[in-house]
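Chains as they are written, first to last, in the working numbering: chain A, 1 to 347; chain B, 1001 to 1267. Positions of the beta carbon are idealized from the N, C-alpha and C atoms, including for glycine. Data first, discussion second: the structure below is written as structure tokens.
Laid out in structure tokens, this is it:
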């Protein structure tokens, strides 16, 4: 039985801000009178993560993912509830606790912009009291894995975004943390850089057996890295379970793409039954077909239309997310219909 | 005792890297490096020349003649030099890092956050001027005929004055966590520095009492210099030590409360 490394119970975080009316008058008004509003960024959040797990934390912008990460790392103090990370209360900011965690933020940098990354690593070596031989070994291993050994002595401001993110990862992992919090580590990167980062995280996790929490907007990150997914909407946990279960949320439907040798008429009744999405030339269509009808529908289309190519795939996770973002009640309904233990087994 | 030694050693080792990384950054912008160095020199000379000019027209200010006051001014320039070299830049960075959320990374480092926040930026261009500042101090120290013991005590008293002033400033700067915008707070700090740069006897009774007892910035320079001129004024040094301890104690609570208030910027 693996031990729990992250435990939260009824965790809550409130933020207070004020509404400012637009324009100069609004600015002057706000000097004297302010309309304060309190928003719960995280509500009643329960979580139990075991040692060695790699978890994806998903949700739209403003859902509370980053706030959660900041509470987990002790940067932000929770308003209510219990939070234990490796047995420590993060907000107490115990020095040993801070030595055991790492945080990577895709949109912020901990490296000094005007010096080479290696100089920042040397500073981190002092902060985390890493022995010289260990330090050199880790730098060598990680720089080889990330293919950045020739960039260590280049000023950070001269590096590309992808190269910089690799350096950020190295900076965060240099002290071999037990828990790694990755907040959108691939944001803004091109597809190849995204894949490189993912592969590195995957390999690092396999080698070091550490616990990793990833938030991302890219479903590919979550699909490639995580087996377990936690979905957060408007500060509330709406799903917590295996990724495979999440993908079946919207039913047993297949996504099928047909390519035709000539433009087709998209107004036919046949297409409207399967939520057809046409390309601009009307020679490619994406259909959502129930699994039990897949064979017959596909055969008919191949027989009646000039099909040159077709392929099927599971419901892409992007589409699942888009649908859930538009209709968050779907998960709630499913939780209600199937019982919290089926979909929300860890609640 | 062993723990304390280890802790001091740890912070010195981290600080060594703060210094070396700051030097790396500082020297990579050569024009800015040279300008800062020249501007500091300009400030030192203009301050001393202003006092010199005043004494061309009068004989005494309070109980002090020209050399006494110039030694005081040189002593304050020494404290200012330490301040500019060791902590000044961090105050300006703090409000920016609170607003942008860059502070997050400083807070998760396994070191005291006051240290990580206020000692992170070392200004290498200013350190070079140490020879100029100490030339003034030594020259005017000879003019006022400092006793041998005073020469020995001088660096320690300067450090004590610097320490008291920055502890007061740390408390003031912590308010940036609530106010977010630090420009006003930084100007307040600078005004307090201005007030401390003049001897306590030039202030009216109420202002002097307030700035000696409640917000003891007048002790920073006037305390040590009065003591060096007259050892009978040792209670001033005792007051400085007591004030440092009190403000350090207050800082402990203010800082903890400030960190609890920190919300970090959205990403």
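Establish whether the CB of residue i and some CB of chain A are separated by less than 8 angstroms.
i: residue 1021/B; result: yes
i: residue 1108/B; result: yes
i: residue 1025/B; result: yes
i: residue 1254/B; result: no
i: residue 1180/B; result: no
i: residue 1209/B; result: no
i: residue 1003/B; result: no
i: residue 1117/B; result: no
i: residue 1101/B; result: yes
i: residue 1014/B; result: yes
i: residue 1028/B; result: yes
i: residue 1123/B; result: no
i: residue 965/B; result: This structure cannot settle anything about residue 965/B, because the visible part of chain B is limited to 1001 through 1267.
i: residue 1008/B; result: no
Taking the alpha-carbon of residue i as reference, which of the options has the nearest alpha-carbon?
i: residue 1148/B; options: 1231/B, 1130/B and 1165/B; result: 1231/B
i: residue 1215/B; options: 1247/B, 1030/B and 1145/B; result: 1247/B
i: residue 112/A; options: 1006/B, 1157/B, 1061/B and 1021/B; result: 1021/B
i: residue 156/A; options: 147/A, 207/A and 168/A; result: 168/A
i: residue 52/A; options: 84/A, 307/A and 2/A; result: 2/A
i: residue 1200/B; options: 1124/B, 1220/B, 1184/B and 1182/B; result: 1220/B
i: residue 1224/B; options: 1080/B, 1088/B and 1156/B; result: 1156/B
i: residue 1176/B; options: 1077/B, 1004/B, 1097/B and 1039/B; result: 1097/B
i: residue 102/A; options: 86/A, 115/A, 288/A and 8/A; result: 86/A
i: residue 1259/B; options: 1237/B, 1114/B, 1135/B and 1133/B; result: 1114/B
i: residue 284/A; options: 264/A, 268/A, 272/A and 193/A; result: 264/A
i: residue 274/A; options: 293/A, 261/A, 281/A and 259/A; result: 293/A
i: residue 110/A; options: 135/A, 144/A and 172/A; result: 172/A
i: residue 158/A; options: 126/A, 210/A, 119/A and 114/A; result: 114/A
i: residue 144/A; options: 130/A, 131/A and 163/A; result: 163/A
i: residue 1083/B; options: 1018/B, 1161/B and 1108/B; result: 1161/B
i: residue 97/A; options: 305/A, 243/A and 178/A; result: 178/A
Run down chain B in chain order and give the residues with a C-beta less than 9 angstroms from the C-beta of residue i.
i: residue 103/A; result: 1104, 1105 and 1108
Determine the chain B residues that contact residue i at a beta-carbon separation under 8 angstroms, and present them in chain order.
i: residue 74/A; result: 1107 and 1108
i: residue 119/A; result: 1020, 1021 and 1024
Any C-beta of chain B sitting closer than 8 angstroms to the C-beta of residue i?
i: residue 128/A; result: yes
i: residue 115/A; result: yes
i: residue 343/A; result: At residue 343/A, the pLDDT of 37 sits below 50, so the modelled position is not reliable; the number obtained from the coordinates is stated separately. For residue 343/A, the answer is no, since every Cβ of chain B falls outside 8 angstroms of its Cβ.
i: residue 200/A; result: no
i: residue 39/A; result: no
i: residue 84/A; result: no
i: residue 108/A; result: yes
i: residue 18/A; result: no
i: residue 310/A; result: no
i: residue 135/A; result: no
i: residue 286/A; result: no
i: residue 32/A; result: no
i: residue 11/A; result: no
i: residue 347/A; result: A caution first: residue 347/A carries a pLDDT of 36, below 50, which makes its placement in the model unreliable, though a value can still be read off. Output row for residue 347/A: interface = no.
For the beta strand (DSSP E) that residue i lies in, which residues bound it at each end?
i: residue 83/A; result: 80 to 85
i: residue 103/A; result: 101 to 105
i: residue 1101/B; result: Run containing residue 1101/B: none; DSSP gives neither H nor E here.
Note down, in chain order, every chain A residue with its Cβ under 7 angstroms from the Cβ of residue i.
i: residue 1017/B; result: 122, 123 and 126
i: residue 1264/B; result: 70, 75 and 76
i: residue 1260/B; result: 77
Strictly below 7 angstroms CB to CB, what residues from chain B border residue i?
i: residue 372/A; result: Coverage of chain A is limited to positions 1 through 347, which leaves residue 372/A absent and any answer about it impossible.
i: residue 99/A; result: 1110
i: residue 15/A; result: 1263
How would you write the range of the alpha helix (DSSP H) that residue i sits in, first residue to last?
i: residue 198/A; result: 191 to 208
i: residue 152/A; result: From DSSP, residue 152/A is part of no alpha helix (DSSP H); its letter is neither H nor E.
i: residue 1124/B; result: 1124 to 1127
i: residue 63/A; result: Looking at the DSSP string, residue 63/A is not in any alpha helix (DSSP H), and its letter there is neither H nor E.
i: residue 1213/B; result: That residue, residue 1213/B, is in no alpha helix (DSSP H); it is neither H nor E in DSSP.
i: residue 1175/B; result: Taken as a continuous stretch (DSSP letters only), residue 1175/B belongs to no alpha helix (DSSP H), as it is neither H nor E.
i: residue 1121/B; result: No alpha helix (DSSP H) holds residue 1121/B; DSSP gives it neither H nor E.
i: residue 44/A; result: Careful: residue 44/A lies outside any alpha helix (DSSP H), inside the beta strand (DSSP E) at 35 to 50.
i: residue 1044/B; result: 1030 to 1055
i: residue 123/A; result: 117 to 127
i: residue 1080/B; result: 1066 to 1086
List, in chain order, every chain C residue whose beta-carbon is nearer than 7 angstroms to that of residue i.
i: residue 112/A; result: Absent from the structure: chain C. Protein chains present are A and B.
If I'm right that residue i touches residue j with Cβ under 8 angstroms, what's the distance once you round it to whole angstroms?
i: residue 1174/B; j: residue 1254/B; result: 5 angstroms
i: residue 1067/B; j: residue 1144/B; result: 5 angstroms
i: residue 175/A; j: residue 128/A; result: 4 angstroms
i: residue 55/A; j: residue 226/A; result: 6 angstroms
Give a single yes or no on whether residue i has its beta carbon closer than 7 angstroms to a heavy atom of the ligand FAD.
i: residue 23/A; result: The ligand FAD is not part of this structure, which contains no ligands at all.
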